[in-house]
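K.L.:
Right, I'll just put the structure down here and ask away after.
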Amino acid sequence: MINFIDDVMRESAQSLGRSLDSYWPTKVSGTCDIPERNVSLHCAIALANRGLGVFQELAFPHTEKSQRLDVLAIAPGHSFALYLEFKAYTGASMDASTDDLDRVKQFSLNRVFDPKIFGLEFVENLNSLDHEVGIVAGALWRPSGGQVELAGPAQKRFAAKVETLGGVVCREPHLIRRYTPERNPTWDGAYYLYWAVVGDWQRKMDVRGILV
Numbered sequence: 147m148i149n150f151i152d153d154v155m156r157e158s159a160q161s162l163g164r165s166l167d168s169y170w171p172t173k174v175s176g177t178c179d180i181p182e183r184n185v186s187l188h189c190a191i192a193l194a195n196r197g198l199g200v201f202q203e204l205a206f207p208h209t210e211k212s213q214r215l216d217v218l219a220i221a222p223g224h225s226f227a228l229y230l231e232f233k234a235y236t237g238a239s240m241d242a243s244t245d246d247l248d249r250v251k252q253f254s255l256n257r258v259f260d261p262k263i264f265g266l267e268f269v270e271n272l273n274s275l276d277h278e279v280g281i282v283a284g285a286l287w288r289p290s291g292g293q294v295e296l297a298g299p300a301q302k303r304f305a306a307k308v309e310t311l312g313g314v315v316c317r318e319p320h321l322i323r324r325y326t327p328e329r330n331p332t333w334d335g336a337y338y339l340y341w342a343v344v345g346d347w348q349r350k351m352d353v354r355g356i357l358v
């Protein structure tokens, strides 16, 4: 499962990087942030390209609060589901990512569907899905010559929370886009895609993305 997720994140980073070759999606500032929706979009595309059913902005079905999950991906044959949240991995957003770890653990599928409307096979397949994995990912700017590891106070809190929940943080982030400007030193660096996984992530998968 880890290799599958890492491949998806690598493809997401490469796809976003290609897009950044053609345009910059926000007002240019000194903060160097990529809005999270740009990351979730390319990740959703990578998952869809692998044959998963992909949905965005999912309401939490069993809560009265106005909460939404960024991305839901359901594998072919309903063998597993991925619950994904995305952030820019800077200070305040990193603390929000720590909260997102709880969100992807708390999210659950709505399994209350009328078989007379959706069909018995649809309902039975959904009810048979019992492998659920939460992923929290985000883009982070790193200046040239600086460390790539998650080493700031908020980032360490995030890593500690992942460990507490029995999850893992990616060993190496994936390069999204590097910038080497002629003048503005603020933009001398690169964007990387980081991710962490919690839940039922230890299952093995074959090369087709099928649980074994």
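The sequence shown maps to residues 147 to 358 in our numbering. Note that the Cβ used here is the ideal one computed from N, Cα and C, for glycine as well.
Rounded to the nearest angstrom, how far is the Cβ of Ala219 from that of Gly199, given a contact under 8 Å?
P.N.:
7 Å
K.L.:
If you check the beta carbons only, do Leu155 and Val279 fall under 9 Å apart?
P.N.:
At residue 155 the sequence reads Met, which differs from the Leu that was named. Result no, Cβ atoms of Met155 and Val279 do not sit closer than 9 Å.
K.L.:
Shortest alpha-carbon distance to Gly298 belongs to which of Asp352, Met240, Arg214 and Val314?
P.N.:
Met240
K.L.:
Count the other C-beta atoms from every protein chain shown that fall within 10 angstroms of the C-beta of Asp167, then say buried if there are 16 or more, exposed otherwise.
P.N.:
exposed
K.L.:
Hey, quick one: how far does the beta strand (DSSP E) through His320 stretch, first residue to last?
P.N.:
Per DSSP, His320 belongs to the beta strand (DSSP E) from His320 to Tyr325.
K.L.:
Keeping to the same chain, check which residues put their C-beta closer than 7 Å to that of Glu182; ignore five residues upstream and five downstream.
P.N.:
Phe232, Lys233, Ala234 and Gly284
K.L.:
Mind checking which residues open and close the alpha helix (DSSP H) that includes Lys302?
P.N.:
Pro299 to Thr310
K.L.:
On the three-pair Cβ rule with 8 Å, is the region 306 to 320 touching the region 338 to 355?
P.N.:
yes
K.L.:
Under DSSP, the beta strand (DSSP E) around Phe201 begins and ends at which residues?
P.N.:
Gly199 to Ala205
K.L.:
Since Gly163 and Ile263 should fall inside the 8 Å C-beta cutoff, what is the C-beta to C-beta distance between them, to a whole number of angstroms?
P.N.:
Rounded to the nearest angstrom, the Cβ distance from Gly163 to Ile263 is 42 Å, too far for a contact under 8 Å.
K.L.:
With a Cβ-Cβ cutoff of 9 Å, do Arg275 and Leu255 count as a contact?
P.N.:
Before going further, note that residue 275 is Leu rather than Arg in the sequence given. A contact, by the Cβ cut-off of 9 Å.
K.L.:
Whole alpha helix (DSSP H) runs in the region 221 to 280 with 4 or more residues, listed along the chain?
P.N.:
237 to 252, 261 to 264 and 266 to 274
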